[in-house]
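Trainee: Residue numbers (this note's numbering): 41 to 176.
Where a beta carbon is used, it is the ideal one built from N, C-alpha and C, also for glycine.
I have a structure I would like to understand better, so I am pasting it below and will then ask my questions one at a time.
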């Protein structure tokens, strides 16, 4: 998943959106700095023009941010969908081997011993399974 994440970060579409977001944020900051330095001398028309520019840039920033969020969510969902069957298979193997009758999420447990936590074993099995699949 980490290598896929790095690959995703290098994706041209993601890079373009990220660059657009950063440019727009920088434009907003420059415009705001300019206003802080000069607004007291502006006419009503200049103030109106400034507010309009800020509104347009703000809307563009929000839109770009929403697109980035949507892309990131889709990427995370894709990784989750790919790893879920691997996790289920690994968990089932652990349950069968240890003859476990009940598995709870850690958040649902009020008190327990670390020896009963399956997380490390599950992650290890998933990593081994992914490594084996990658070598096929």
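(1) To which residues of the same chain is residue 49 closer than 6 Å at the C-beta, ignoring the five residues directly before and after it?
(2) Pick helix, strand or coil for residue 139, following the three-state DSSP scheme.
(3) Quick one: any contact between the stretch 150-157 and the stretch 104-118, if contact means 3 or more CB pairs under 8 Å?
(4) Is it buried or exposed, residue 130, if we count other Cβ atoms within 10 angstroms and call 16 or more buried?
(5) Check for me: the alpha helix (DSSP H) holding residue 72 runs from which residue to which?
(6) For a test of the three-state rule: what should DSSP assign to residue 98, helix, strand or coil?
(7) Leaving aside the five residues before and after residue 67 along the sequence, list all residues of the same chain whose C-beta is less than 7 Å from its C-beta, in chain order.
(8) Quick one: what's got a C-beta closer than 8 Å to residue 61's C-beta in the same chain, skipping five residues either side?
(9) Where does residue 131 fall in DSSP's three states?
(10) Short check: CB of residue 135 to CB of residue 166, under 8 Å?
(11) Whose C-alpha, out of 128, 156 and 146, is nearest the C-alpha of residue 140?
Mentor: Taking the structure as given:
(1) none
(2) coil
(3) no
(4) Buried: at least 16 other Cβ atoms inside 10 Å.
(5) 52-78 is the extent of the alpha helix (DSSP H) around residue 72.
(6) helix
(7) 97
(8) Excluding residues up to 5 positions away in sequence, 101, 104, 105 and 108 lie with their Cβ nearer than 8 Å to the Cβ of residue 61 in the same chain.
(9) helix
(10) The beta carbons of residue 135 and residue 166 sit no closer together than 8 Å.
(11) 156
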